[in-house]
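Protein chains in written order, with the working numbering: chain A, 1 to 146; chain B, 1 to 146. Cβ atoms here follow ideal geometry from the backbone N, Cα and C, with glycine treated the same way. Small disclaimer: the values here were computed from a predicted structure and weren't measured.
2 protein chains.
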Amino acid sequence: MSTSSAIDEIEEGLAFRPKFDAAGLLTCVATDATSSEVLMVAHMNDEALHKTIATGEAWYFSRSRGRLWRKGESSGHVQRVVEMRIDCDQDAVWIRVDQQGGAACHTGRRSCFYRAVVASADGVPTLAFVDAGRVFDPALVYGKPG
Amino acid sequence: MSTSSAIDEIEEGLAFRPKFDAAGLLTCVATDATSSEVLMVAHMNDEALHKTIATGEAWYFSRSRGRLWRKGESSGHVQRVVEMRIDCDQDAVWIRVDQQGGAACHTGRRSCFYRAVVASADGVPTLAFVDAGRVFDPALVYGKPG
């Protein structure tokens with residue numbers, strides 16, 4: 001069923017062989033275990049991935065801050081992992097989480113995906129707010145703007 | 001609500017300003033519009049993103065093959081986009097799709113995420129098949145193994 005035994009082992013085997021990119025990261029999609037909504041997309045390095053598996057709470061690697069990051073470390077809005085899955089070529093993981101505090105986004109919204117991309121009358125893509133209500137006020141939670 | 005007007009505009013504005021990484025890509029998560037299941041994670045360059053918006057069918061950029069790729073071009077299993085959303089910092093998109101043929105994965109499975117990551121008795125992560133039944137035989141659809 002595969003072009004080589006190496007691919008076969010990655011795609012059809014039971015060995016956990018996460019494939020990190022040149023920056024040492026893989027992509028993680030977090031969805032709400034109850035609503036199935038996509039909450040956020042972030043990255044994990046090897047340490048974040050193994051801490052997530054070991055602790056049952058989501059850890060990420062922040063590309064902008066260049067450091068490991070336990071989701072909710074500032075806000076208290078941790079993500080408890082209900083299930084982790086890995087994709088066919090083992091370069092992305094999907095976690096279904098119980099989102100503490102009800103909001104994953106630092107802007108205070110349930111999901112980071114609070115805007116739809118729509119084509120305007122002249123065909124130029126523009127954005128439209130959807131599900132954009134805030135669950136919390138980021139100024140209160142983070143003690144600073146934004 | 002933000003640390004600067006630039007961030008505010010990206011996070012709270014209605015202008016579509018996709019932020020590509022150093023390789024010119026952003027991450028795309030595709031979910032099934034009916035079941036909400038995560039089907040796949042892939043990448044889009046500027047051209048793939050704009051073709052997706054213009055045609056209403058998913059286009060990606062294949063990192064392994066180094067080329068633009070219309071999902072379903074070999075298999076016929078195209079993805080019709082029901083809605084596209086973009087995240088707070090505009091470096092990831094989420095598309096809800098009608099998956100033609102019922103399977104997104106090149107292995108013939110509905111989703112690329114057909115294995116769960118589980119901790120074995122000794123704490124070492126291993127994989128377990130879940131939802132691993134094949135919708136199609138890849139050898140028949142692609143005319144080659146795998």
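At the C-beta level, B/T31 and A/V38 come within 8 angstroms of one another. A/S64 sits in coil when the DSSP states are folded into three classes, being neither helix nor strand.
Exclusion of the five residues before and after A/T52 leaves A58, W59 as the residues of its chain whose Cβ lies within less than 6 angstroms of its Cβ. Between the C-alpha atoms of A/S111 and B/F129 there is a straight-line separation of about 28 angstroms. When C-beta atoms of the region 122–142 of chain B are compared with those of the region 82–92 of chain B, fewer than three pairs fall below 8 angstroms, so the two segments do not count as touching. Neighbourhood of A/T27 in chain B, by CB distance below 8 angstroms: T27, V41, in chain order. The secondary-structure analysis by DSSP pairs A/T27 across a beta bridge with A/H43, A/A92.
Here A/E73 carries a coil assignment [DSSP, helix/strand/coil]. With 16 or more other Cβ atoms inside 10 Å of its own Cβ, A/A104 counts as buried. Taking a Cβ-Cβ threshold of 7 angstroms, the residues of chain B close to A/A116 are E83, M84, R85, in chain order.
In summary, A/L14 is exposed, with fewer than 16 beta-carbon neighbours lying within 10 Å of its beta-carbon over all protein chains present. Fewer than three beta-carbon pairs drawn from the region 12–26 of chain A and the region 71–83 of chain B are found closer than 8 angstroms, and the two stretches are therefore not classed as touching.
Contact of A/E11 with chain B is assigned, a C-beta pair being separated by under 8 angstroms.
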